[in-house]
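Novice: Residue numbers (the working numbering): 1 to 336.
Beta carbons are placed, not taken as given, at the ideal position from N, Cα and C, and that holds for glycine.
Owing to the predicted nature of the structure, the values given are computational and were not obtained by experimental measurement.
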Ligand code: 5GP
Ligand code: MN
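(1) Return yes when at least one heavy atom of the ligand MN lies under 7 Å from the C-beta of residue 124, else no.
(2) In the DSSP assignment, find the unbroken beta strand (DSSP E) run with residue 61 in it and report its ends.
(3) Using a Cβ distance threshold of 8 Å, determine whether the stretch 165-181 contacts the stretch 58-70, with at least three qualifying pairs required.
(4) With DSSP run on the structure shown, which of helix, strand or coil describes residue 152?
(5) Starting from the Cα of residue 148, find the closest Cα among 8, 312 and 313 and give me that residue.
(6) Mapping the DSSP letters down to three states, classify residue 271 as helix, strand or coil.
(7) Can you list, in chain order, the residues of its chain whose CB lies under 6 Å from that of residue 133, leaving out five sequence neighbours each side?
(8) Does the stretch 263-273 come into contact with the stretch 230-243, if we say contact requires no fewer than three beta-carbon pairs (one atom in each stretch) closer than 8 Å?
(9) May I ask which residues mark the beginning and end of the alpha helix (DSSP H) holding residue 342?
(10) Taking 7 Å as the cut-off, is the C-beta of residue 310 nearer than that to any heavy atom in the ligand MN?
(11) Could you check which residue in 298, 264 and 314 has the C-alpha nearest to that of residue 279?
(12) Considering Cα atoms alone, identify which of 230, 262, 260 and 216 is closest to residue 243.
(13) Among the residues of its own chain, which have a CB less than 8 Å from the CB of residue 107, if the five just before and after it don't count?
(14) In terms of residues, what are the limits of the beta strand (DSSP E) holding residue 255?
(15) My output table needs one value for residue 305: the three-state DSSP class, helix, strand or coil.
(16) Taking buried to mean at least 16 other C-beta atoms within 10 Å of its own C-beta, is residue 336 buried or exposed?
(17) At what residues does the alpha helix (DSSP H) containing residue 58 begin and finish?
(18) Residue 315 bridges to which residues according to DSSP?
(19) Considering residue 234, what are the terminal residues of the beta strand (DSSP E) in which it resides?
(20) Please report the Cβ distance between residue 144 and residue 178, rounded to the nearest whole angstrom; I am assuming they are in contact, meaning their Cβ atoms lie under 8 Å.
(21) Have a look at residue 197 and residue 6 and give me their C-alpha separation to the nearest angstrom.
(22) Starting from residue 215, trace the beta strand (DSSP E) both ways and give me its first and last residue.
(23) Run through DSSP, which three-state label would residue 141 get?
(24) Examine the ligand MN and report whether any of its heavy atoms sits within less than 7 Å of the Cβ of residue 136.
(25) Taking the beta carbon of residue 286 as the centre, do at least 16 other beta carbons fall within 10 Å, making it buried, or is it exposed?
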């Protein structure tokens, strides 16, 4: 047996019980809602559409549901495939990349939680499903969906399932930025996806060769406002709703800004504030190097995420919120 086959077998064995339970539920269902989190990212939409396509191929009536808002490339290429609300009853609700009920969206009260399967890789997941497969061994939910399909002997030929899942995986692992020795699975799973027909160049072009002039102008504005605090350990910047209106681009996606902020020498944490003064709302996104856990900071405001990528939406006044965020960050930095 090749090394990759041995590793795959180990994973299938480790999770065999939960994979069997999930497969059983899928077999017994016809109408299946596949739900993701609000403000979906690449892992969320790719996992949803990959799974829906696979379920359709094996004869199920599966529907992808996501409330949005879709931004950047997700608006351009993915949004059209989704329903925005739950308007029917389903035999089964598979909820992907969602750490808690609230993050599923405003329609979560229409979900029959006795019929739910949650598949997620967030450490902050509160196991709100009937069946929960939650493991932070995986860098992306797409890896889990792929492993599930392998365990079901899904035939990946002549369909886009592997491509959707590879797009999703590479989006969450930042094209292998977040690989660590204990998270080698991304390497194995992406290899298997490519073996099953996916093309990493297609994923790359989708993510990195798709900017509009408006994106670049907003990006430039965010970079002009870049500030450094705590001896260069923390970089931060902001954009407002007004900025987005000025450049007529409400769908700005923050990946570009984070890539630049995290490329600065000595940086440990980047913070990006998206300010909506009219609504008195601020979306705060965090990225960090491996040695600072920003999910703690996000969680202290009621949000969540991962050690190196986290976020939260808060109501309040910018200067006040900024002060609180920086104080929390300072405390965490002192401990590292
Ligand atoms: P982003 O900065 O891309 O919006 O989010 C980064 C990570 O933080 C993602 O994994 C996302 O799931 C998580 N995240 C962002 N906003 C929230 C939030 O309001 N609540 C929770 N629980 N997680 C969030
Ligand atoms: Mn994810």
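Specialist: The relevant details are as follows:
(1) Residue 124 sits at position 124 when you count from the first residue of the chain shown. No, since every heavy atom of the ligand MN falls outside the 7 Å radius drawn around the Cβ of residue 124.
(2) Locating residue 61 in the chain shown gives position 61, counting from the first residue. First-last of the beta strand (DSSP E) with residue 61: 61-65.
(3) no
(4) Walking along the chain shown from the start, residue 152 turns up at place 152. Coil at residue 152, not helix or strand.
(5) Your numbering for residue 148 matches position 148 in the chain shown. With distances taken between Cα atoms, residue 148 lies closest to 8.
(6) Numbered from 1 along the chain shown, position 271 holds the residue referred to as residue 271. Three-state DSSP puts residue 271 in a strand.
(7) As a working mapping, residue 133 is identified with position 133 in the chain shown. Closer than 6 Å at the Cβ level, and outside the excluded window around residue 133, lie 18 and 119.
(8) yes
(9) Nothing in the structure corresponds to residue 342, since the chain is present only between 1 and 336.
(10) Start at 1 with the first residue of the chain shown, and residue 310 comes out as number 310. False, no ligand heavy atom lies under 7 Å from that Cβ.
(11) Counted from its first residue, the chain shown places residue 279 at position 279. Per the Cα distances, 314.
(12) Position 243 of the chain shown, counting from 1, holds the residue named residue 243. With distances taken between Cα atoms, residue 243 lies closest to 216.
(13) Residue 107 sits at position 107 when you count from the first residue of the chain shown. Here the set comprises 65, 67, 85 and 86.
(14) Here residue 255 refers to the residue found at position 255 when the chain shown is read from its first residue. Not the beta strand (DSSP E): residue 255 falls in the alpha helix (DSSP H), residues 255-262.
(15) By one-based count along the chain shown, residue 305 stands at place 305. Of the three classes helix, strand and coil, the one that applies to residue 305 here is strand, per DSSP.
(16) Counting from one through the chain shown, the residue named residue 336 turns up at place 336. Classification of residue 336: exposed, given that the 10 Å Cβ count is below 16.
(17) On the chain shown, position 58 is the one that residue 58 refers to. Premise fails: residue 58 is in no alpha helix (DSSP H) and is neither H nor E.
(18) Taking the chain shown and counting its residues from 1, the one referred to as residue 315 is at position 315. Answer is 281, bridged to residue 315.
(19) The count along the chain shown starts at 1 and reaches residue 234 at position 234. Counting along the chain, the beta strand (DSSP E) containing residue 234 begins and ends at 234-240.
(20) Looking up residue 144 in the chain shown gives position 144. Looking up residue 178 in the chain shown gives position 178. The pair is not a contact, with the Cβ atoms about 16 Å apart (cut-off 8 Å).
(21) Taking the chain shown and counting its residues from 1, one reaches residue 197 at position 197. Taking the chain shown and counting its residues from 1, one reaches residue 6 at position 6. Rounded to whole angstroms, residue 197 to residue 6 spans 21 Å at the Cα level.
(22) Within the chain shown, the letter at position 215 stands for residue 215. No beta strand (DSSP E) contains residue 215, which is instead part of the alpha helix (DSSP H) from 213-224.
(23) Counting from one through the chain shown, the residue named residue 141 turns up at place 141. DSSP places residue 141 in helix when its eight states are reduced to three.
(24) Taking the chain shown and counting its residues from 1, one reaches residue 136 at position 136. Flag unset: Cβ of residue 136 not near the ligand MN.
(25) Here residue 286 is taken as the residue at index 286 of the chain shown, counted from 1. Per the 10 Å Cβ criterion, buried.
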